[in-house]
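The sequence shown stops at residue 485 when you use this note's numbering, and every number in between is there.
Positions of the beta carbon are idealized from the N, C-alpha and C atoms, including for glycine.
One structure is given below, encoded as structure tokens.
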Amino acid sequence: MNPDIIQQVRNTTPLVHHLTNQVVMNFSANGLLAFGGSPVMAKEKLEAHDMAEVADAVVLNIGTILKEEVQAMVQAGKTANKKGIPVVLDPVGVAATPFRKRVVEEILNEVHPTVIKGNAGEIASLVDADIEARGVDSVGEGNVDAIAEKAGKKFDTAIVITGKTDVIYANHKLIDNQTGHPLLSSITGSGCLLGSIVAACLTTSHPIEEQLSSALCFYGLAAERAAEQPYVHGPGTFLPSFIDALSFSPKQLNGGTEDEI
């Protein structure tokens, strides 16, 4: 992890325009605020262009997508591309229904994402690889490195595949991240919030592979730190502890003290 990436986010407080799902808006907003970014949630087509114009990054998350929201995502994404700011596409549950698959295809026909982030089943679905998915979850196994590389080359973009071991494909490099905690899979929206953290880190001046690996490493360490607190007994107590940990410095998460921030 490059601590300077985290510090740059906190110095600049990037505005991240979210067109995201209803389930995670509050959690994503609070988590990004704790991390050091500034969230805005706006899915209305009539303001998608204007909001993306003033943003530093855009997140497109199809978790609870409605037909009338697709054009707003396309407009925000195209505006971000024209402006030269990062776009994170989270194809939540893309393998679950033909409608979701068509939505993602429409977005990808119009928008060039900086990063596509999803679980193994979601990314595999985009390249017709064979990993079983159920709803928004990946339940099968496969060659995740090969899937990440295939998707990255197909869409000419960076790929993040989340799982027990996260896989990053960026700048023709494969990078693993093994930080994290099983409790992340027991709370709604942990993957969606990761997309927000990734978007914030993409606004910094470092190479994309460093931005992505730092975002994932920090996120995982925050989860580990949160889970080890004596008052955390399960998902309900983990969640607020995790929000707290996202506000810590890299030194704190690596075992340092508060005066080392």
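- In the DSSP assignment, S262 falls within the beta strand (DSSP E) that extends over 262–265.
- Between E373 and L398, the gap from beta carbon to beta carbon is short of 8 Å.
- For the pair N395 and I432, the CB atoms are nearer than the 8 Å cut-off.
- The beta carbon of D468 lies closer than 8 Å to those of A258, A450 in the same chain, with the five residues before and after it left out.
- Looking only at H405, K378, G458, the smallest Cα-Cα distance to K388 is reached by H405.
- Secondary structure in the region 403–462: the alpha helix (DSSP H) runs of 4 residues or longer, each lying completely within the stretch, are 414–425, 432–451 in chain order.
- Per the C-alpha coordinates, the member of Q476, F251, V248, H242 positioned closest to E271 is H242.
- Only residues of its own chain outside the window of five on either side were considered, and among them I467 have a CB closer than 8 Å to the CB of N254, listed in chain order.
- For K374, the uninterrupted alpha helix (DSSP H) segment begins and ends at 368–379.
- Proximity to I385 across L440, I411, A423, S465 peaks at L440, based on C-alpha coordinates.
- Ranked by Cα distance from K269, the options V282, V278, E292, G261 are led by E292.
- In the assembly as shown, Y443 is a buried residue. Its beta-carbon has 16 or more other beta-carbons within 10 Å.
- Taking the C-beta atoms as reference points, A319 is found no nearer than 8 Å to E277.
- The shortest CA-to-CA distance from N245 to any of C425, S420, K302, I309 is the one to S420.
- Approximately 16 Å separates the beta-carbon atoms of I371 and V328; this is outside 8 Å, ruling out the contact.
- The Cβ atoms of G260 and V282 lie no closer than 8 Å to each other.
- With respect to the C-alpha of A382, the residue from E452, P459, Q435, T237 having the closest C-alpha is Q435.
- It is roughly 13 Å from the alpha-carbon of P464 to the alpha-carbon of E452.
- When only Cα atoms are considered, L332 and D352 end up about 15 Å apart.
- As DSSP reads the structure, N401 sits in a beta bridge with D390.
- Going by beta carbons, S262 and L417 fall outside the 8 Å limit.
- Taking every protein chain shown into account, the CB of P337 has 16 or more other CB atoms within 10 angstroms, so this residue is buried.
- Under a 10 Å Cβ-count criterion, S410 is classified as exposed, with fewer than 16 other Cβ atoms of the shown protein chains found around its own Cβ.
- A Cβ-Cβ contact shorter than 8 Å links P238 with T427.
- Shown here, V247 sits in a helix according to DSSP, grouped into three states.
- A straight line joining the alpha-carbon of S471 with that of Q299 spans about 32 Å.
- Bounds of the beta strand (DSSP E) holding L284 are 281–285.
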